Amino acid sequence: MNPAAIDALRRRFDQEVPPCRRNADIALYRDFVARHDQLISAPEVAKDDGMAIRCRQAGTIGSKPFDLDFPNPDPLDAFKVLHHAIPNRNRTMEHLLKLSVAAFQLVFLKNPLVASMFYTAAHRNAMLRCLLLHGRVCSSLALNQEDDRGGWLGALSPIATLVNHSCDPNAAAFVDSGTIKIAVLRPIQRGDQISIAYPPVWWNAHDGSEQAFLCKCAVCGPDGAQWHEAHQQMSPISPEAKRELSEKIEEQIPLCEKFQHMVQILARDGHHPGEMFGEVVKRYHDLLAEEVRQRSEQSDRARLMLRVKTLPPVASLINHSCDPNVISVVDSGSIKIIVLRPIQKGDQILTSYAPAWWDEHDGSTLDFDCKCVVCDRGPEGAKWRNAREKKRILSSEATREWIGGGETQDLIKFQRLVQILARDGHHPGKLFGETVKIYYDKLFDEVCAENAKRNRAKVQQIGGN
């Protein structure tokens, strides 16, 4: 291997990675990449490497996503479209991508099955080349978004090649339960390209400097001066637009739908890309993201509940109620029943197959006629709803009991607070609903986190063996 190429790679690493990040793990992968850099980036291919030749000949020849049978494409056909896609070569990310390729190969080869498939030097050369090729495709086509825990969700789709980036997007992409949803942010004229933004965007005072590529959109490109001039222009709202805005503000419709109409009204009135338009479309985008997040969470829970309903015989002992006293989740193939609020002797154990009453649920999303106490239209339901609207004050004894608690873990804190409020007669009041909702969410997140932790341990065990 050429020593000058190794020195060049190391100099590039020292330039791009600050000293605080040069820990032992990164150094290990850096050395690995340095030993294999020419292997995964050289244009020539070994003569005996038939697998690599076939892979390179079939890859990056241009994809045709509309040839797929939507909305249920064959997985192999979808993979071929992704394999044929021509990726955008990002020089800034190339070094990090090679580092990732080296790391992934090390991990994959720890698996005996993978090692038995790629057992010659030529096979492993082909594996590195394919990892690099698909890494470039993923970097170009992956749609990512930050989740509520500070991590990232990503999804690949053949149609991602049809949606380009712009710092002034007319649509937004959201990852929802493994699928990609494209929502229109502002009116799109015939002939306009659908564009989304890799955050941040112009309404967050973005100037394009944070992007890992040279952005040439309407905000950052050659015509950017014209766009910025329009952005600085102050235009008064026309009387007709004022009237329409007032009507929509007063109309009793969901907040997200209200902002959707406001964006359309301001766009028709010529306020895009003004400052006021930016504030409204930013709020609309945030509401859309929150709505997708909530629907995704509800969908995930509904799927778990469906699996619970199909697991006899324990599931037959637990009925549905929109005012549940337990949470039931499927955890690594088994059912976990966790108490949400105190259960009195003789009370039936109840779980919810859908969003519960504290999520403002009215039973309309259920696929059966719910006759629980929340949905009942008779005296029992009226009694429950009266109790729901009744205003209560926390008693002195309950206040002392809560203040005297010494718990430091959030989950235990909310578990104890639910018990105190239930004993103090606050169920099903507003304060109790807000508290039990937080406790429910934390319980669900903890079970999911424990499940993911066990799955990672199993994967590491398989790799170690």
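For the sequence shown, this note's numbering begins at 453 and goes up steadily by one.
Ideal Cβ positions, reconstructed from N, Cα and C, are used throughout, including at glycine.
Keep in mind the model is a prediction, meaning the values are calculated, not measured.
So, helix, strand or coil for residue i, using DSSP?
{"i": "Ile717", "result": "helix"}
{"i": "Leu666", "result": "coil"}
{"i": "Ser647", "result": "strand"}
{"i": "Asn577", "result": "helix"}
{"i": "Ala901", "result": "helix"}
{"i": "Ala594", "result": "coil"}
{"i": "Ala677", "result": "helix"}
{"i": "Ala530", "result": "helix"}
{"i": "Ala607", "result": "strand"}
{"i": "Pro831", "result": "helix"}
{"i": "Met686", "result": "coil"}
{"i": "Lys842", "result": "coil"}
{"i": "Asn656", "result": "helix"}
{"i": "Pro639", "result": "coil"}
{"i": "Lys550", "result": "helix"}
{"i": "Lys562", "result": "coil"}
{"i": "Val825", "result": "coil"}
{"i": "Ile864", "result": "helix"}
{"i": "Gly587", "result": "helix"}
{"i": "Arg906", "result": "helix"}
{"i": "Gly885", "result": "helix"}
{"i": "Tyr571", "result": "coil"}
If you draw a straight line from the alpha carbon of residue i to that of residue j, how long is it in whole angstroms?
{"i": "Phe884", "j": "Ser751", "result": "24 Å"}
{"i": "Gly830", "j": "Asp721", "result": "50 Å"}
{"i": "Ile890", "j": "Val733", "result": "29 Å"}
{"i": "Ala677", "j": "Val715", "result": "24 Å"}
{"i": "Phe626", "j": "Val781", "result": "26 Å"}
{"i": "His723", "j": "Ala839", "result": "48 Å"}
{"i": "Pro776", "j": "Arg747", "result": "20 Å"}
{"i": "Phe896", "j": "Leu846", "result": "27 Å"}
{"i": "Ala850", "j": "Pro880", "result": "16 Å"}
{"i": "Asp828", "j": "Arg837", "result": "10 Å"}
{"i": "Phe556", "j": "His737", "result": "35 Å"}
{"i": "Lys694", "j": "Ser687", "result": "13 Å"}
{"i": "Ile872", "j": "Glu853", "result": "8 Å"}
{"i": "Asn656", "j": "His617", "result": "16 Å"}
{"i": "Asp477", "j": "Ile770", "result": "Since pLDDT at Asp477 reaches only 44, below the 50 mark, its modelled position is unreliable, and no value is offered."}
{"i": "Val533", "j": "Pro525", "result": "11 Å"}
{"i": "Val870", "j": "Ile855", "result": "14 Å"}
{"i": "Ile492", "j": "Arg581", "result": "Here Ile492 scores only 48 on pLDDT, less than 50, and its place in the model is too uncertain to base an answer on."}
{"i": "Leu739", "j": "Leu697", "result": "18 Å"}
{"i": "His680", "j": "Glu692", "result": "26 Å"}
{"i": "Ala530", "j": "Glu742", "result": "29 Å"}
{"i": "Lys516", "j": "Ile538", "result": "11 Å"}
Sort out for me which residues DSSP pairs residue i with in a bridge.
{"i": "Lys734", "result": "According to DSSP, which records beta bridges pairwise, Lys734 is partnered with nothing at all."}
{"i": "His772", "result": "Thr803"}
{"i": "Lys788", "result": "Val781"}
{"i": "Lys633", "result": "Phe626"}
{"i": "Asn616", "result": "Ser647"}
Quick check: is the beta carbon of residue i nearer than 7 Å to any beta carbon in chain B?
{"i": "Val559", "result": "Of the protein chains in the structure, only one exists, and it is not chain B."}
Classify residue i: buried if its beta carbon has 16 or more other beta carbons within 10 angstroms, exposed otherwise.
{"i": "Gln800", "result": "exposed"}
{"i": "Thr803", "result": "buried"}
{"i": "Gly798", "result": "exposed"}
{"i": "Met569", "result": "exposed"}
{"i": "Gly730", "result": "buried"}
{"i": "Asn577", "result": "buried"}
{"i": "Met728", "result": "exposed"}
{"i": "Asp644", "result": "exposed"}
{"i": "Gly514", "result": "exposed"}
{"i": "Gln641", "result": "exposed"}
{"i": "Gln867", "result": "buried"}
{"i": "Ile705", "result": "exposed"}
{"i": "Tyr571", "result": "exposed"}
{"i": "Leu558", "result": "exposed"}
{"i": "Asp521", "result": "exposed"}
{"i": "Ala624", "result": "buried"}
{"i": "Phe518", "result": "exposed"}
{"i": "Arg793", "result": "buried"}
{"i": "Glu898", "result": "exposed"}
{"i": "Arg588", "result": "buried"}
{"i": "Pro807", "result": "buried"}
Write down the C-beta distance between residue i and residue j rounded to the nearest angstrom, noting that I regard them as a contact closer than 8 Å.
{"i": "Val615", "j": "Leu583", "result": "Contact doesn't hold; Cβ gap of about 25 Å is too wide."}
{"i": "Leu863", "j": "Lys894", "result": "5 Å"}
{"i": "Cys774", "j": "Cys708", "result": "So it is not a contact: roughly 23 Å between Cβ atoms."}
{"i": "Thr631", "j": "Leu585", "result": "About 25 Å separates the two Cβ atoms, so there is no contact after all."}
{"i": "Ser591", "j": "Leu565", "result": "That pair is no contact at about 27 Å."}
{"i": "Leu637", "j": "Asn622", "result": "6 Å"}
{"i": "Val778", "j": "Asp628", "result": "Rounded, the Cβ-Cβ distance is 28 Å, inconsistent with contact."}
{"i": "Ala649", "j": "Cys619", "result": "6 Å"}
{"i": "His772", "j": "Cys824", "result": "7 Å"}
If you measure from the CB of residue i, is any heavy atom of the ligand NAP nearer than 6 Å?
{"i": "Gly643", "result": "Summarising the ligand content, the structure contains no ligands, and the ligand NAP is consequently not present."}
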